[in-house]
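Numbering (this note's numbering), first residue to last: 1 to 640.
The C-beta atom is built at its ideal place from N, Cα and C for all residues, glycine as well.
So the structure is just underneath, and the comments pick up after that.
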Ligand code: SF4
């Protein structure tokens with residue numbers, strides 16, 4: 001294997017003309033940071049284990065890249081998975097997976113950090129380690145090998161990847177990455193064995209080191225309990241949060257080639273108070289913290305100056321719930337009208353969509369207007385806690401068409417708990433009713449694009465006890481939609497049931513799933529998030545060879561007191577709260593936005609001191625007066 005940067009570059013010159021989109025592999029873009037390796041103590045590779053075109057839009061990596069490169073003693077470089085054509089070429093000329101900035105192999109770095117926003121990146125993670133010459137399993141790494149860490153939403157159930165990742169970051173990474181680098185530098189200077197580094201890392205709030213724990217299974221295959229193998233490890237491991245969102249990064253790298261989002265992403269708030277019962281992000285990102293309008297506008301100004309992008313994405317889980325959204329939209333409208341700039345506002349709520357907000361963004365509108373009712377009947381929307389009157393949705397659709405949009409994207413999920421074929425038929429009826437509103441307003445130009453994904457009972461949500469639909473059930477629901485959602489003005493996109501099954505197994509898996517992932521990867525599984533690459537049979541074979549039944553993970557409703565594989569990872573939202581919410585769903589009982597009424601989900605007892613130190617509307621949870629719990633007591637010692 002060629003490992004020196006110049007040697008790798010020489011071979012790249014030979015193979016790049018033969019692959020699709022060579023711009024994915026060259027680096028050298030505006031605003032990339034290249035530091036002198038000989039003067040830097042700690043080198044960090046930030047890996048997004050999918051192609052450059054997707055990874056360049058990953059805000060988490062952009063933020064960490066900026067934070068690490070601001071340190072004098074550290075550098076961060078980017079690594080993305082090569083597409084299958086490039087990987088074949090790389091293996092044929094013996095070059096390893098390399099970073100874009102310095103063309104060095106992954107194995108040259110001190111710390112290799114993976115971003116895992118979703119579970120279907122797991123086999124690509126193994127592939128990246130292999131191609132980067134890093135031992136795939138934790139137990140095979142020595143002091144000469146990089147420390148392998150991972151974070152992102154999938155890390156909230158780290159167990160299926162416990163064999164491969166040395167330490168997981170649970171929660172928000174802005175502060176914890178600094179502490180990991182500090183701990184790494186102290187360990188390196190000490191000359192202590194690698195095990196000592198892992199113990200030091202486990203002392204950092206929000207870091208989970210799987211090798212310091214073991215799972216005890218009950219006779220029926222469920223989890224009996226998880227125990228610590230080191231006195232010093234925390235149980236549970238409590239997620240990390242930053243009490244105040246740091247200033248938004250403005251140092252965006254400008255790619256040479258088209259990527260999935262060619263825009264400046266600015267996170268306007270973190271967390272969500274709506275409590276949709278299927279929503280993983282809504283549960284794990286509590287509490288809601290908002291950024292001031294002035295900070296957002298200043299960041300946009302600066303980022304535009306540095307990049308020349310023509311689109312801004314105002315990111316949050318529910319943009320129209322941002323307290324100052326009208327003010328922000330007006331300021332942006334005033335400042336940028338006539339400057340050929342598009343402002344996109346994803347995740348608008350249907351019931352809080354205001355005429356003022358649409359007016360403020362008039363100058364910037366383009367493309368379709370997206371609404372996500374998630375379910376088509378009022379009954380089902382009560383079950384999932386996204387209550388909304390059908391008439392309200394139709395009125396909003398009429399308003400959207402009458403204001404000049406020609407296309408509405410409607411997002412639904414199929415497979416919600418207790419869903420019947422009538423609920424699926426209602427998706428057809430509602431979509432056609434929305435189209436009829438469009439026809440009334442703008443005639444035959446009206447368009448409805450229907451996107452249908454499959455419900456997956458995610459860890460740490462009120463629906464974590466639910467069973468998934470089987471592949472056959474999902475298939476019959478999709479057939480119904482395909483048959484009926486056709487004709488002029490209607491378009492349907494759906495998710496392959498096999499992809500949904502794989503995601504469900506991986507998201508709900510326990511430690512035994514690591515063998516399945518490893519075997520599937522050895523037998524060729526990679527790019528599982530890509531429908532044309534995912535090989536379902538390889539996964540079924542891997543389950544058989546591990547002696548595991550995939551339906552055990554997905555097709556049985558759990559007893560309310562079953563111990564989940566992820567239960568030693570605490571989001572601080574109490575299991576008792578989630579269980580009550582699950583039972584409420586069966587009675588169609590809904591919860592209002594918890595900014596109107598706090599339901600004591602568990603966030604505040606853990607972060608009471610943080611809340612007290614940051615009074616006012618920075619957080620959307622109520623203020624805390626009592627003084628019982630100290631931040632220094634974190635992580636908490638018991639699962640409440
Ligand atoms: S503590 Fe109350 S207000 Fe805060 S997230 Fe939980 S339920 Fe909502």
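Going by the C-beta, is residue i closer than 8 Å to any heavy atom of the ligand SF4?
i: residue 646; result: With the chain covering only 1 through 640, there is no way to say anything about residue 646.
i: residue 287; result: yes
i: residue 473; result: no
i: residue 620; result: yes
i: residue 573; result: yes
i: residue 273; result: yes
i: residue 648; result: The chain is shown from 1 up to 640; residue 648 falls before or after that span and cannot be answered.
i: residue 594; result: yes
Under the rule that 16 or more other beta-carbon atoms within 10 Å means buried, what is residue i, buried or exposed?
i: residue 10; result: exposed
i: residue 423; result: buried
i: residue 516; result: buried
i: residue 164; result: buried
i: residue 345; result: buried
i: residue 571; result: buried
i: residue 191; result: exposed
i: residue 20; result: exposed
i: residue 623; result: exposed
i: residue 413; result: buried
i: residue 149; result: buried
i: residue 193; result: exposed
i: residue 364; result: Any reading at residue 364 needs caution, since the residue's pLDDT is 49, under 50, leaving its predicted position unreliable; the model's value is listed next. Buried, by the Cβ-count rule.
i: residue 450; result: buried
i: residue 18; result: exposed
i: residue 78; result: buried
i: residue 334; result: exposed
i: residue 277; result: buried
i: residue 644; result: Missing from the structure shown is residue 644; the chain here goes from 1 to 640 and no further.
i: residue 396; result: buried
i: residue 172; result: buried
i: residue 207; result: buried
i: residue 86; result: buried
i: residue 34; result: exposed
i: residue 70; result: exposed
i: residue 94; result: exposed
Hey, residue i and residue j: beta-carbon distance below 9 Å or not?
i: residue 373; j: residue 430; result: yes
i: residue 80; j: residue 55; result: yes
i: residue 183; j: residue 153; result: no
i: residue 371; j: residue 393; result: yes
i: residue 460; j: residue 114; result: no
i: residue 607; j: residue 241; result: yes
i: residue 263; j: residue 231; result: no
i: residue 555; j: residue 454; result: no
i: residue 540; j: residue 488; result: no
i: residue 29; j: residue 256; result: yes
i: residue 511; j: residue 565; result: yes
i: residue 690; j: residue 494; result: Within the shown structure, residues of the chain are numbered from 1 to 640, placing residue 690 beyond reach of any answer.
i: residue 601; j: residue 618; result: no
i: residue 223; j: residue 507; result: no
i: residue 502; j: residue 532; result: no
i: residue 42; j: residue 188; result: yes
i: residue 349; j: residue 274; result: yes
Throw me the rounded Cβ distance for the residue i and residue j pair, which I believe falls under 8 Å.
i: residue 307; j: residue 252; result: 5 Å
i: residue 621; j: residue 611; result: 6 Å
i: residue 96; j: residue 105; result: 4 Å
i: residue 318; j: residue 272; result: 5 Å
i: residue 170; j: residue 239; result: 5 Å
i: residue 331; j: residue 293; result: 6 Å
Closer than 8 Å: is that where the CB of residue i sits relative to any heavy atom of the ligand GDP?
i: residue 527; result: The ligand GDP is absent from the structure shown, which contains only the ligand SF4.
Verify the CB distance criterion: does residue i have a CB-CB separation below 9 Å to chain C?
i: residue 606; result: The displayed structure is made up of one protein chain only, and chain C is not part of it.
Would you list, in sequence order, the uninterrupted beta strand (DSSP E) runs of no fewer than 3 residues that lie entirely inside the segment 197-249? Taking 3 residues as the minimum length, the beta strand (DSSP E) runs contained wholly in the segment 197-249 are 213-217 and 223-228, in order along the chain.
Which full runs of the alpha helix (DSSP H) of 4+ residues lie inside the segment 100-146, going along the chain? Listed in chain order, they are 122-131.
Where in the segment 257-301 do unbroken runs of the alpha helix (DSSP H), each at least 4 residues long, occur, reported from the N-terminal end onward? Counting whole runs of 4 or more residues, the segment 257-301 contains the alpha helix (DSSP H) stretches 280-284.
Which runs of the beta strand (DSSP E), 3 residues or longer, sit entirely within the segment 495-554? If we require 3 residues or more, the segment 495-554 turns out to have no beta strand (DSSP E) run fully inside it.
Threshold first: 3 residues or longer. Then list the beta strand (DSSP E) segments lying entirely within the segment 36-78, N to C. As far as the segment 36-78 is concerned, its whole beta strand (DSSP E) runs of at least 3 residues are 42-48.
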